[in-house]
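Per this note's numbering, residue 9 is the first one in the sequence shown, and the count goes up by one each step. One structure is given here, and the rest of the page talks about it.
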Amino acid sequence: MSELCPPIAAPLCDVTTERLILSRFDRDVLDELAVVFENREVWQFPYGKGMSRDETARFLDAQIQHWEDFGFGCWMARTRNDEFLIGYLGLSIPTFLPEILPAVEVGWRLAPTAWGNGYATEGATAALDAAFGSLGLDSVCSLPQSDNPRSERVAERLGMRLIRRVTVPPDERRGEVVVSHFEIKRDQWIARRASEDRREPRR
Ligand SMILES: CC(C)(COP(=O)(O)OP(=O)(O)OC[C@H]1O[C@@H](n2cnc3c(N)ncnc32)[C@H](O)[C@@H]1OP(=O)(O)O)[C@@H](O)C(=O)NCCC(=O)NCCS
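Written as structure tokens, this is what we have:
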């Protein structure tokens, strides 16, 4: 697997943030996830349409396999106040862009009802804390589609740096897409988090 993924020091754990419960995918979530994924807006990028229940089941199988193979993956995300499933975010291997492997990507996908609250940034912050903390990675990328400004803005809010735009060839499920290759290094993330701590008001 080392050609796909840099070595990790420890597996990824479940995390609770200020407003989110972030946990490893399990098969019991299929009914809830299918409701989120049938929405076209959730899969506008890259498929331009929502997923069927069968497609969602295959997505879930792939996520569970990713966790088993690599010791990390995307978390399903629930809001703490009502435990409602709002989507997923976290770490994965960007196999659709072989030229940058081995690599780990931080990504996000939420139901439209959850947009505009900062949840993606909050959850991705927890993912980067873990990536550079317990997993011990040196760098993490993000690859939002270049025509998806909302997603690009999450990468920018995290302090990730745009390296280049790159064309990804079509596959059996989607056409050619252009993605924005963002990256952040461990020392940059640690410095950013330290400066955020200094800005926190004293209680
Ligand atoms: C990409 C996606 C996750 C972005 O969601 P988002 O809600 O815009 O991003 P965040 O969770 O970081 O929220 C930031 C927004 O919440 C607002 N916000 C409101 N309350 C906030 C709070 N307490 N803290 C932080 N931000 C807050 C911010 O001002 C910002 O709004 P703005 O972009 O209009 O300025 C979402 O659009 C999505 O899931 N899309 C479909 C899937 C997808 O395209 N995924 C990416 C594939 S490339």
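Ideal Cβ placement from N, Cα and C applies to all residues, glycine included. A quick note: this is a predicted structure, and the numbers were derived from the prediction, not measured.
Query: Counterpart residues of Y127 in DSSP-defined beta bridges; Result: Answer by DSSP bridge pairing: none, since Y127 is not bridged.
Query: Segment contact flag, the region 159-173 with the region 188-206, C-beta cutoff 8 angstroms, min 3 pairs; Result: yes
Query: Neighbourhood of R61 by C-beta, 7 angstroms cutoff - its chain only, sequence neighbours within 5 removed; Result: A42
Query: Other residues of its chain near I108: CB distance less than 8 angstroms, five sequence neighbours each side excluded; Result: P102, C149 and H189
Query: Cβ-based neighbour list, E46, same chain, cut-off 6 angstroms, excluding 5 preceding and 5 following; Result: G58
Query: Nearest candidate by alpha-carbon position, reference D155, set P54, A17, R206 and R48; Result: P54
Query: Enclosing alpha helix (DSSP H) for R32 [first to last residue]; Result: Per DSSP, R32 belongs to no alpha helix (DSSP H); it is in the beta strand (DSSP E), L28 to R32.
Query: Heavy atom of ligand 1 within 8 angstroms of T175 beta-carbon; Result: no
Query: DSSP state of A85 mapped onto helix, strand, coil; Result: strand
Query: Distance between V174 and L97 (C-alpha atoms, nearest Å); Result: 22 angstroms
Query: Pairwise C-alpha distance: G95 and M84; Result: 6 angstroms
Query: W116 - DSSP class collapsed to helix/strand/coil; Result: strand
Query: Segments of 3+ residues assigned as beta strand (DSSP E) that fall wholly inside the region 129-210; Result: 147-150, 169-176 and 185-193
Query: Between the CA atoms of V187 and R201 - distance to the nearest angstrom; Result: 26 angstroms
Query: Distance, A111 Cα to D90 Cα; Result: 34 angstroms
Query: Helix, strand or coil at T25 according to DSSP, with G and I counted as helix; Result: coil
Query: Top-ranked residue by Cα proximity to Y127, from E11, R27, C21 and E160; Result: R27
Query: Beta-ladder partner(s) of L109, from DSSP; Result: L109 pairs with nothing; no bridge assigned.
Query: Inter-residue Cα distance where the pair is D179 and D22; Result: 32 angstroms
Query: Cβ shell of R211 (< 7 angstroms), same chain only, five flanking positions each side left out; Result: Low confidence applies here, because R211 scores a pLDDT of 47, under 50, leaving its location unreliable and the question unanswered by this model.
Query: Neighbourhood of L136 by C-beta distance below 8 angstroms, restricted to the same chain and skipping five residues each side; Result: V114, V148, L166, I192 and W197
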